[in-house]
Amino acid sequence: MSKISYLTQEGFDKLKAELEEMKTNGRREVSQAIAEARDKGDLSENAEYDAAKDAQGLLEMRINKLELTLANSRLIDTSQLDTSVVTILSKVTIQNVKTQKEVTYQLVSESEADISQKKISVTSPIGDGLLGKEKGDLAEVTTPRGSIQFKIIDITL
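Read left to right, the sequence shown gives residues 1 to 157 (the numbering used here).
So this is what it looks like as structure tokens:
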């Protein structure tokens, strides 16, 4: 059984566009690379041909993964979300109890996570530690460097 992915409409559209790009342009580019390598002669000793076939296999694997993710995805209705507790799509302002530093993250699905945009996965150590917490709660997060305590300052959408 496949894992269900919870996506925003924006995330769903982004994955769908990426899939379409791979199916059209990606496949065309790989088949051109294979054809060019094949024209160079003996396939048994042709490193370019082997590399192009490997690229084709990786592309098809990524296409299959995206198709599976999209097939098993559920769109999140933001009007149904509650801001009294941390859930997926919550924007959570947290404060490191030890350093007093504050940071705001949005909790998203794995496929939408992007730390540069302060979007973290709900399955990450911090995301998992924050889920279900309320404003004012302390969240204990276990990281490779040890345990960190965060105080929930604010929860918005």
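Glycine included, every Cβ here is placed at the ideal spot set by N, Cα and C.
Since the structure is predicted, the reported quantities are computational estimates derived from the model, not experimental observations.
Backbone secondary structure at V30 - three-state DSSP: V30 carries a helical assignment under DSSP once its states are collapsed to helix, strand and coil.
V141 and I152 closer than 7 Å at C-beta: In this structure, the beta-carbon distance from V141 to I152 does not fall below 7 Å.
Three-state secondary structure (DSSP) of N72: Under the three-state reduction of DSSP, N72 is assigned to coil, being neither helix nor strand.
C-alpha gap between L75 and Q106, whole angstroms: One Cα belongs to L75, the other to Q106, and the distance between them is close to 17 Å.
Beta-carbon spacing of L130, T83 below 7 Å: Using a Cβ distance threshold of 7 Å, L130 and T83 do not count as a contacting pair.
Same chain, Cβ closer than 7 Å to V103, neighbours up to 5 away in sequence not counted: The beta carbon of V103 sits closer than 7 Å to the beta carbons of I94 from its chain, once the five residues preceding and following it are set aside; these are given in chain order.
Validate contact between the stretch 5-24 and the stretch 63-74 using beta carbons, cut 8 Å, 3 pairs: Taking a contact to require three or more Cβ pairs closer than 8 Å, the stretch 5-24 and the stretch 63-74 qualify as touching.
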